[in-house]
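In what follows, a structure is listed as structure tokens, so that the remarks can point back to it.
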């Protein structure tokens with residue numbers, strides 16, 4: 023349940039957070055220009071309902087669509103959410119923020135599946151026609167579905183949720199939500215609650231009344247301030263005491279609430295303090311009908327007060343002081359009675375919990391027990407092979423006793439001590455190797471988690487008993503594995519899907535694979551990115567595509583301006599079709615090239631195919 027909520031929170035955050043600036047702009051326009059705002063202006067105030075009704079849902083749906091379906095998913099999400107908005111009456115209906123969080127990813131998924139189905143089956147010369155009409159027709163159909171089904175359904179859901187909040191407020195029970203909010207923050211579960219429930223309900227209430235208490239429930243910096251003040255004045259551990267003033271500045275002015283989580287984890291009983299502080303603040307705001315015009319992000323006192331109503335700034339600030347005061351009074355005796363608990367240990371615990379909330383595992387290792395490290399990806403062919411080779415080379419000088427191999431995530435050997443996988447494969451890795459320590463990374467070549475693992479392995483106590491294995495030596499590459507015709511240089515930037523498709527087509531043209539291998543490559547990218555760091559991506563098929571591989575082959579596509587792989591850019595796209603382990607020698611060569619930045623950078627820009635072929639042969 024916790025993992026599910028964390029994943030949901032991460033997905034919702036990925037849709038909302040890139041667009042939080044738009045929410046803030048809407049909040050400022052509301053706070054400044056409506057009739058009871060700071061600078062009443064009827065003309066400028068007319069912008070506000072259109073931003074809430076159209077701009078914010080379209081941005082969220084577009085972002086969600088792009089997360090799943092790339093640029094075409096972005097367009098699909100934008101189209102389909104308009105159907106939902108129109109279905110509830112446009113500016114006369116309720117904001118479709120929740121609908122956007124559903125329709126965006128769903129639309130992206132639909133167009134991605136369509137593209138996979140059509141790949142390799144499009145008549146020559148009709149690609150642009152089919153691509154454009156598919157988005158138009160599918161977008162229209164889903165928009166109609168949204169008009170009649172999703173829009174009205176989400177209106178009903180939002181009505182029920184808003185009614186529930188109104189009941190809690192009227193019955194004086196809304197302060198009790200703090201019992202769930204504060205522990206959720208420390209456990210990194212707040213994103214699912216904040217972005218999935220509080221923000222949509224807050225937007226609905228703000229549209230109707232010009233403000234909402236929902237924006238105050240989680241963002242109030244007062245509860246955390248009280249905890250930090252208590253540690254500053256009464257902590258017995260000098261390092262903890264000395265660290266508190268800096269944490270107060272970061273938390274209260276910077277709005278980074280995570281800074282006070284380790285202080286609670288040092289002594290979990292302290293969680294009672296922010297809970298009671300927030301209960302009192304929410305009760306105060308509820309009694310005096312105080313609310314914010316828009317979301318406060320980050321949760322600093324500056325952002326918090328900037329979203330307050332013109333005549334409620336003092337009362338809003340007073341609520342923060344109440345939360346801080348109560349939290350301080352409750353935390354102080356607990357801190358006084360506590361022993362000299364170590365902040366560093368609590369910080370490490372927090373980082374581990376935060377990593378877990380993102381699917382990562384960063385617990386410290388007993389390195390004396392480690393003998394085998396396995397790099398695993400979906401197919402066990404490309405990215406994990408390069409990652410294993412590069413990491414093995416790093417360890418040779420300090421830990422020659424360690425075995426570093428790569429494999430498919432579903433075939434991790436039972437004697438594996440550490441499994442290194444990407445975030446989306448963590449659950450499969452745990453099922454495949456239930457007794458192994460799982461280290462989760464974002465890419466296989468340049469990731470802080472790998473640096474941390476290397477540091478632990480190279481500085482811990484170990485017994486150097488085995489020499490470097492001869493199998494690790496790089497063998498000459500067979501001539502037909504990589505050919506001059508398989509190297510394309512100075513290509514114009516395209517989408518990653520187009521680049522992967524182009525690599526697959528080149529593999530097919532050179533006789534390495536059938537055309538059915540291309541969908542397997544796109545499916546592999548859908549499961550987990552093949553970007554492995556340092557400007558390099560290694561697209562290859564899933565294990566289901568092995569049957570269509572005729573022989574081992576590798577192609578290299580150079581995009582000097584880069585291909586966007588999520589937040590990263592790849593200048594080199596190396597397509598792989600592997601039978602057995604014949605492609606490993608080339609991957610080893612690539613890893614050696616990566617060790618020399620001069621060689622790597624030249625590979626990204628050179629016009630000399632012969633030079634690249636020599637480096638990889």
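Residue numbers (the numbering used here): 23 to 639. Virtual Cβ for every residue (Gly too), placed ideally from N, Cα, C. Just so it is clear, the structure is predicted and the values come from calculations on it, not from any experiment.
Quick check on residue i: does DSSP put it in helix, strand or coil?
i: residue 147; result: coil
i: residue 436; result: coil
i: residue 643; result: Absent from the model: residue 643. The displayed extent of the chain is 23 to 639, so no value can be given.
i: residue 34; result: helix
i: residue 115; result: coil
i: residue 157; result: helix
i: residue 550; result: coil
i: residue 444; result: strand
i: residue 266; result: helix
i: residue 420; result: coil
i: residue 168; result: helix
i: residue 503; result: coil
i: residue 11; result: This structure leaves residue 11 out entirely; the chain is present only between 23 and 639.
i: residue 277; result: coil
i: residue 312; result: coil
i: residue 533; result: coil
Less than 8 Å between C-beta atoms, sequence neighbours within five positions excluded: which residues of the same chain meet that for residue i?
i: residue 132; result: 91, 98, 160 and 164
i: residue 434; result: 396, 398, 441, 451, 454, 455 and 458
i: residue 492; result: Bear in mind that a pLDDT of 37 at residue 492, under 50, signals an unreliable position, so the model cannot answer this.
i: residue 640; result: Since the first residue shown for the chain is 23 and the last is 639, residue 640 is missing from the structure and cannot be characterised.
i: residue 547; result: 518, 519, 522 and 561
i: residue 275; result: 322, 323 and 324
i: residue 157; result: 94, 97, 98, 101 and 133
Quick one: give me the first and last residue of the beta strand (DSSP E) that residue i is part of.
i: residue 397; result: 394 to 399
i: residue 240; result: Where residue 240 is concerned, there is no enclosing beta strand (DSSP E), given that its DSSP letter is neither H nor E.
i: residue 464; result: Element bounds for residue 464: n/a, residue is neither H nor E.
i: residue 593; result: 590 to 599
i: residue 427; result: 425 to 430
Less than 8 Å separating the beta-carbons of residue i and residue j?
i: residue 272; j: residue 286; result: no
i: residue 100; j: residue 84; result: yes
i: residue 252; j: residue 350; result: yes
i: residue 634; j: residue 554; result: no
i: residue 322; j: residue 256; result: no
i: residue 444; j: residue 294; result: no
i: residue 66; j: residue 45; result: no
i: residue 348; j: residue 194; result: no
i: residue 307; j: residue 235; result: yes
i: residue 299; j: residue 243; result: no
i: residue 176; j: residue 34; result: no
i: residue 585; j: residue 515; result: yes
i: residue 391; j: residue 504; result: no
i: residue 172; j: residue 125; result: yes
i: residue 221; j: residue 38; result: yes
What residue range is occupied by the uninterrupted alpha helix (DSSP H) comprising residue i?
i: residue 132; result: 119 to 140
i: residue 581; result: Premise fails: residue 581 lies in the beta strand (DSSP E), 575 to 587, not in any alpha helix (DSSP H).
i: residue 285; result: 283 to 288
i: residue 44; result: 42 to 55
i: residue 303; result: 294 to 309
i: residue 619; result: 619 to 627
i: residue 223; result: 221 to 231
i: residue 337; result: 335 to 359
i: residue 202; result: 200 to 208
i: residue 328; result: 323 to 328
i: residue 92; result: 78 to 109
i: residue 633; result: 631 to 638
i: residue 67; result: 64 to 67
i: residue 291; result: Run containing residue 291: none; DSSP gives neither H nor E here.
i: residue 179; result: 173 to 192
When you measure from the CB of residue i to every non-hydrogen atom of the ligand NAD, does any distance come out below 7 Å?
i: residue 556; result: Here there are no bound small molecules, and the ligand NAD is not part of this structure.
In its own chain, which residues sit with a C-beta less than 6 Å from the C-beta of residue i, not counting the 5 before and 5 after it?
i: residue 70; result: 51 and 52
i: residue 88; result: 95 and 96
i: residue 42; result: 319
i: residue 624; result: none
i: residue 413; result: 426
In chain order, what residues of the same chain have a beta carbon less than 7 Å from the beta carbon of residue i, not counting five sequence neighbours either side?
i: residue 190; result: 196
i: residue 74; result: 48, 117, 225 and 229
i: residue 438; result: 394, 396, 455 and 458
i: residue 524; result: 579
Inter-stretch contact at 8 Å, needing at least 3 Cβ pairs: the segment 528 to 535 / the segment 567 to 580: Yes: the two stretches touch, three or more of their Cβ pairs being nearer than 8 Å.
Three or more C-beta pairs below 8 Å linking the segment 547 to 566 and the segment 589 to 598: Yes: at least three Cβ pairs fall under 8 Å.
Three or more C-beta pairs below 8 Å linking the segment 328 to 344 and the segment 301 to 313: Yes, they touch.
Three or more C-beta pairs below 8 Å linking the segment 108 to 115 and the segment 145 to 153: Proximity of the segment 108 to 115 to the segment 145 to 153 falls short of the contact definition, fewer than three beta-carbon pairs being nearer than 8 Å.
Inter-stretch contact at 8 Å, needing at least 3 Cβ pairs: the segment 176 to 195 / the segment 220 to 230: Flag = yes, the segment 176 to 195 and the segment 220 to 230 touch.
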